[in-house]
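In this note's numbering, the protein residues as written are 365 to 935.
Below you'll find the structure, written out as structure tokens, and then a few comments.
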């Protein structure tokens with residue numbers, strides 16, 4: 365007979381064992397679940413970090429690209445940060461995949477070493493690059509260092525042409541001024557905003573002015589200022605020689621992008637403090653509204669600082685002007701085009717005053733009577749260096765206002781030197797020149813220019829009402845569009861904000877250098893007061909890189925009075 369008490373005890377023992385077993389199983393299951401959850405949390409957070417690092421690495425690559433294009437001193441710091449983040453990407457990928465990509469560590473190590481070696485080489489070149497290059501120096505024709513204007517003049521000076529002595533403040537040195545004042549990062553940030561908003565008609569005058577003011581307040585690094593003083597004293601000797609301070613960007617004076625009149629020039633600088641102020645002004649002009657508009661329309665980066673500055677001995681000019689070795693209005697007529705004004709050539713290049721025009725034959729033996737190819741304008745004023753620096757404008761005596769600026773001998777001298785420069789360079793040239801008060805001819809600038817060849821076939825008869833006759837053709841061609849009369853830069857900005865705007869015919873009462881940045885957005889140009897060789901005309905001539913210029917008539921003989929805005933009667 366079974367003992368009930370013993371049976372109950374056994375049942376209780378079995379139940380206790382089963383309960384403990386289930387408890388252990390439950391604890392083991394909960395432990396596995398907790399471990400699984402912990403592992404999942406770790407993998408989740410690792411994955412999130414991987415995504416964040418991937419996004420950060422893309423941002424760093426964009427910053428590194430901007431730094432490489434601008435030559436910024438932040439390059440090594442950005443590259444090291446990028447190497448650190450990409451290492452974390454490799455580590456994160458291995459953590460997620462169970463170390464299935466171990467060879468990526470070795471690959472990353474190898475690439476990091478190669479990148480550091482390249483960076484060391486780049487920074488070594490930048491650290492040893494001279495801050496200033498005189499035009500007689502062997503490196504003076506390196507466009508990327510000294511800019512297009514200085515490189516072109518250095519080439520001519522080495523070939524024996526009469527080019528005033530001078531030196532270039534290299535683009536790396538100008539970039540160094542910005543970096544030393546923390547402006548390089550600020551400009552890159554503004555550049556990204558401007559590039560993003562350009563096609564939406566964003567008003568960028570405020571950003572341009574903020575950049576300009578910050579550059580004007582920039583402090584020069586001590587070593588740079590000491591070297592600048594030595595270069596200035598070497599150029600001016602006793603310090604009594606005045607100098608000119610002009611832009612010389614690497615993108616300037618190219619066939620596809622002239623930037624004519626977009627950057628600032630400071631003439632008749634007579635002190636070292638004046639040179640420092642002028643240098644800031646010229647660097648700041650790289651970010652003027654017109655220059656920004658020109659860059660954006662041409663697809664050029666705003667973040668890249670490619671501005672060098674050219675400082676040269678100042679010429680006290682008796683007369684000055686511009687020489688095209690081929691007439692832009694009729695490239696096949698076998699003639700050159702010369703514009704000339706009394707005094708300094710600033711009124712000739714700006715188109716702000718009437719200029720004499722000469723179209724001499726390219727062949728000296730076929731000159732013909734001067735009256736057949738000279739057009740003498742009435743000139744009421746001239747620009748001359750001021751006694752205390754800067755430029756003074758004075759009125760011409762009435763008996764001198766209708767005298768020709770150039771004698772026939774001087775015209776022939778210009779033709780001769782134009783042919784020689786053209787032969788050296790191998791392309792038609794746009795040349796700025798001056799005759800000193802001692803009668804010496806000097807070359808102030810020379811750049812390539814590509815001109816459209818005139819069609820040999822008869823042009824199709826024009827249709828529609830003739831609205832305006834006369835003027836001088838600066839760049840041949842035919843175009844159609846509504847008229848837009850513009851009096852100021854603000855008018856351009858308002859026009860760009862109009863969503864219904866369309867490319868049309870730009871009409872200006874007077875040539876404006878700021879207008880050159882907006883000219884590419886129009887089909888043709890008419891200018892009341894200007895000349896066919898000024899900066900605005902040069903921009904129109906170079907409008908299309910294929911060589912077919914933008915139709916331009918300057919002076920347009922009261923076009924702004926005859927052609928009101930939105931007029932399309934000639935269509």
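For every residue, glycine included, the Cβ atom is placed at its ideal position computed from N, Cα and C.
For residue i, three-class secondary structure by DSSP
| i | result |
| --- | --- |
| residue 612 | strand |
| residue 532 | strand |
| residue 891 | strand |
| residue 804 | coil |
| residue 679 | coil |
| residue 685 | strand |
| residue 504 | helix |
| residue 543 | helix |
| residue 696 | coil |
| residue 461 | helix |
| residue 848 | strand |
| residue 480 | helix |
| residue 454 | helix |
| residue 813 | coil |
| residue 741 | coil |
| residue 371 | helix |
| residue 445 | helix |
| residue 421 | helix |
| residue 583 | coil |
| residue 673 | strand |
| residue 871 | strand |
| residue 862 | coil |
| residue 765 | coil |
| residue 606 | coil |
Straight-line Cα distance separating residue j from residue i
| i | j | result |
| --- | --- | --- |
| residue 552 | residue 666 | 8 Å |
| residue 672 | residue 512 | 9 Å |
| residue 792 | residue 692 | 10 Å |
| residue 636 | residue 469 | 56 Å |
| residue 400 | residue 408 | 12 Å |
| residue 397 | residue 386 | 16 Å |
| residue 475 | residue 648 | 39 Å |
| residue 370 | residue 378 | 12 Å |
| residue 725 | residue 748 | 31 Å |
| residue 534 | residue 645 | 16 Å |
| residue 732 | residue 722 | 12 Å |
| residue 426 | residue 569 | 26 Å |
| residue 680 | residue 855 | 37 Å |
| residue 777 | residue 758 | 28 Å |
| residue 597 | residue 675 | 12 Å |
| residue 510 | residue 640 | 18 Å |
| residue 375 | residue 395 | 30 Å |
| residue 507 | residue 764 | 42 Å |
| residue 415 | residue 450 | 12 Å |
| residue 869 | residue 843 | 8 Å |
| residue 522 | residue 670 | 24 Å |
Endpoints, beta strand (DSSP E) assigned at residue i
| i | result |
| --- | --- |
| residue 588 | Per DSSP, residue 588 belongs to no beta strand (DSSP E); it is in the alpha helix (DSSP H), 586-600. |
| residue 749 | 745-749 |
| residue 758 | 755-759 |
| residue 705 | 701-706 |
| residue 690 | Counting along the chain, residue 690 falls outside any beta strand (DSSP E), and DSSP gives it neither H nor E. |
| residue 632 | 629-633 |
| residue 497 | 496-498 |
Given residue i as reference, the closest of the options once Cα atoms are compared
| i | options | result |
| --- | --- | --- |
| residue 345 | 714, 855, 686 and 543 | There is no way to answer for residue 345, as the model of the chain reaches only from 365 to 935. |
| residue 741 | 776, 754 and 766 | 766 |
| residue 309 | 678, 535, 855 and 777 | Only positions 365 to 935 of the chain appear in the structure, and residue 309 is not among them; the question remains open. |
| residue 653 | 682, 613, 555 and 750 | 555 |
| residue 705 | 805, 699, 720 and 865 | 720 |
| residue 806 | 780, 383 and 612 | 780 |
| residue 808 | 471, 772 and 631 | 631 |
| residue 609 | 539, 531 and 756 | 531 |
| residue 871 | 858, 850, 865 and 862 | 850 |
| residue 479 | 402, 441, 388 and 699 | 441 |
| residue 683 | 713, 607 and 525 | 713 |
The alpha helix (DSSP H) enclosing residue i, as first and last residue numbers
| i | result |
| --- | --- |
| residue 636 | 636-648 |
| residue 721 | That residue, residue 721, is in no alpha helix (DSSP H); its beta strand (DSSP E) goes 720-722. |
| residue 572 | 569-580 |
| residue 710 | 710-714 |
| residue 789 | 772-789 |
| residue 736 | 734-737 |
Does the contact criterion of 3 or more C-beta pairs under 8 Å hold for the segment 790-808 versus the segment 492-510? Output reads no: the segment 492-510 does not touch the segment 790-808.
Assess, as a yes-or-no matter, whether the segment 707-714 is touched by the segment 571-582 under the definition of 3 or more beta carbon pairs within less than 8 Å. The segment 571-582 vs the segment 707-714: no contact.
Looking at C-beta atoms only, is the number of pairs between the segment 441-449 and the segment 406-421 that lie closer than 8 Å three or more? Counting C-beta pairs with one atom in each stretch, the segment 441-449 and the segment 406-421 have three or more that are closer than 8 Å, which means they touch.
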